[in-house]
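Right, one structure below, let's go through it.
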Amino acid sequence: MFQTWALDRVRWSTYEMETVHESGRWLPSMHHSGTIGVFKFFPDDVLPLYVEKLIVIDSDTLLLDDIQILHDYFHLMEKQGAFWATTEDQYWRGADREIYPHKDRLGENNGILLLDLKKMREIGDWNKIWKNETFSLYQKVGPLMASDQDVYTSLAYWFPTWHYRLPCVYNFQMGEYALETQCVGEWRDFSVIKIAHWTEGIKWDGVNTNVKFFTQVYRCVQRMDGSVFGVSRVTEKSLTRRTLHYIKDAAETPERSDITLAAHVPFNRSFDMIDRMNRWPGPVSLVVFGNDDQKMRLNNYLHKNKNGTSGRLAVHFVHPSIGELEYPSSYLAKISVDTSRTERVLVAYELERLDVSRGLYSKFLKRINQDEDTSISIIRSRKGSEIIGAVMKKTLAQLVHAKEITAEEAVEQLRKEIHEFKFA
């Protein structure tokens, strides 16, 4: 998304975390998020040495103030000699967790975590310290209920000078059993909250007053036009289309030899097309084109209908560039092909007119087992004049749509063995 979102004063980088994640899978945890939180132990193994201060923010949070305020707390941490900071956990520690070492009655919550990596490196073998504490906890209580959070809470008890306690307004935790009055008082003054955190497994579907209030705020943020945060002047970069891959990922991993239906639709036809994709027996890569408000509505639709949506369907979203009025079919087709995970794709140029039945799928699956890699199968409309779909290798489809040419032009230029089907 950041590659296609022209933002002023924002620099971003991506880092490979899979190796670190794999090395932390041994961590025994009962938490619903699994072991992804182990990154909070390994940041030094992922980030370059020139990164000396780090703010880790869970993805189920909403920032309601300038993040610069959190940066200011590093000065207070330095005065204390601390190298990490968290807020207090806002859940009662029941009897099953009371035996965990904790600094006070509630312990810590790692939804917002400040790390002074320079000081962490200076204390010695950090990996040995946290691993020893993890093994110690496991011997006492078995699999950890809150993964990395339990370990950091225990370390804050044994090494209190290493830990700094942030005000609760920087991690206001919301869930069925959260003690919200611990932070906002009996009057529930939500105006003081700087960062809201949905800690319950059902997230935005919670029924508590605080969850409902901040979910409404979150929905308002979702509706905001992301282009207003872009660059202050029109440049070539500002004319790129903001593209978000996998707002819904496929639950099933396809076979490489399968055929992905690569398609795109405007938002106003997306609900019907998503329902129609249940008929296609293979994987589907669907790109939807629309604005931020429409993306929010699509997200809500996918969330509410997740049980009735094909597990083979992956959905992506593209926003129009500044001043764009026409439907960018070539670009959308390119994204649908790029995000496919099989060797062959059926590129749908006219999705509504294309037969997405098991019969067509089986016909093409049989044919590609007989044809050479360079062959293309063309599907024409009933009158035989318009190309409404084409089956080809993914690499070939990427070459075609990188040029942003029409299906007819592609057929002329590629000069491959072509099998034509009339859509009866």
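Count along the sequence shown from 1, then add 95; that gives the number in this note's numbering. Just so you know, even glycine gets a beta-carbon here, dropped at the ideal spot from N, CA and C.
Pairing D160 with Y265, the inter-Cα distance amounts to about 9 Å. Contact between the region 420–427 and the region 373–387 is present: 3 or more CB-CB pairs across the two stretches fall below 8 Å. Between S435 and T338, the C-beta spacing is not below 8 Å. In the displayed model, M391 falls within a helix according to three-state DSSP.
In the DSSP assignment, P361 falls within the unbroken beta strand (DSSP E) covering I354 to P361. Contact between L408 and M372 holds: CB atoms are separated by about 5 Å, below the 8 Å threshold. Every beta strand (DSSP E) stretch that sits fully inside the region 285–327 and reaches 3 residues is listed by chain position as 290–293. The three-state secondary structure of Q98, taken from DSSP, is helix.
Within the region 360–439, the runs of alpha helix (DSSP H) at least 4 residues long that lie entirely inside it are, in chain order, 365–371, 387–399 and 424–433. In the structure shown, R216 adopts helical secondary structure according to DSSP, grouped into three states. Short of 6 Å from the beta carbon of R448, and not among the five residues preceding or following it, lie these beta carbons of its own chain, in chain order: I483.
Pairing I342 with V410 gives a Cβ-Cβ distance under 8 Å. A contact is defined here as three or more CB-CB pairs under 8 Å, and the region 176–187 meets this definition with respect to the region 249–262. Here DSSP, grouped into helix, strand and coil, assigns K478 to coil. Counting of Cβ neighbours within 10 angstroms places G206 among the buried residues, the total reaching 16 or more. The continuous stretches of beta strand (DSSP E) do not include W257, and DSSP gives it neither H nor E. Per DSSP, reduced to three states, the secondary structure at E113 is helical. In the three-state reduction of the DSSP assignment, D211 falls in the strand class, which pools E and B. For V279, the three-state secondary structure derived from DSSP is helix.
H496: member of the alpha helix (DSSP H) spanning K489 to A497, first to last residue. When the five nearest sequence neighbours on each side are left out, the beta carbons in the same chain lying within less than 6 Å of the beta carbon of L201 are those of E183 and D184, in order along the chain. Per DSSP, the continuous beta strand (DSSP E) segment holding V151 begins and ends at K148 to I152. Rounded to the nearest angstrom, the Cβ distance from T156 to E203 is 16 Å, too far for a contact under 8 Å. Of all alpha-carbon atoms in L420, R336, K214 and C278, the one lying nearest the alpha-carbon of L144 is that of K214. In this structure, DSSP gives V442 an extended state, which the three-state scheme calls strand. A Cβ-Cβ separation of about 7 Å places I164 in contact with K289 under the 8 Å criterion. Taking 4 residues as the minimum length, the alpha helix (DSSP H) runs contained wholly in the region 156–207 are 163–175 and 190–193, in order along the chain. Judged by DSSP in its simplified three-state form, S452 adopts coil rather than helix or strand.
Annotated three-state conformation of T338 is strand, per DSSP. S242 and V133 have their alpha carbons spaced roughly 8 Å apart. With a threshold of 16 other beta carbon atoms within 10 Å, H292 meets it and is buried.
Distances from the alpha-carbon of L455 to those of V432, K399, F254 and G377 put G377 closest. Taking every protein chain shown into account, the CB of G301 has 16 or more other CB atoms within 10 angstroms, so this residue is buried. Taking 8 Å as the cut-off, the Cβ atoms of D370 and Q317 do not count as close. For F267, no alpha helix (DSSP H) encloses it; the enclosing beta strand (DSSP E) starts and ends at F267 to M269. Under the DSSP assignment, T229 falls in the alpha helix (DSSP H) whose first and last residues are W221 to V236.
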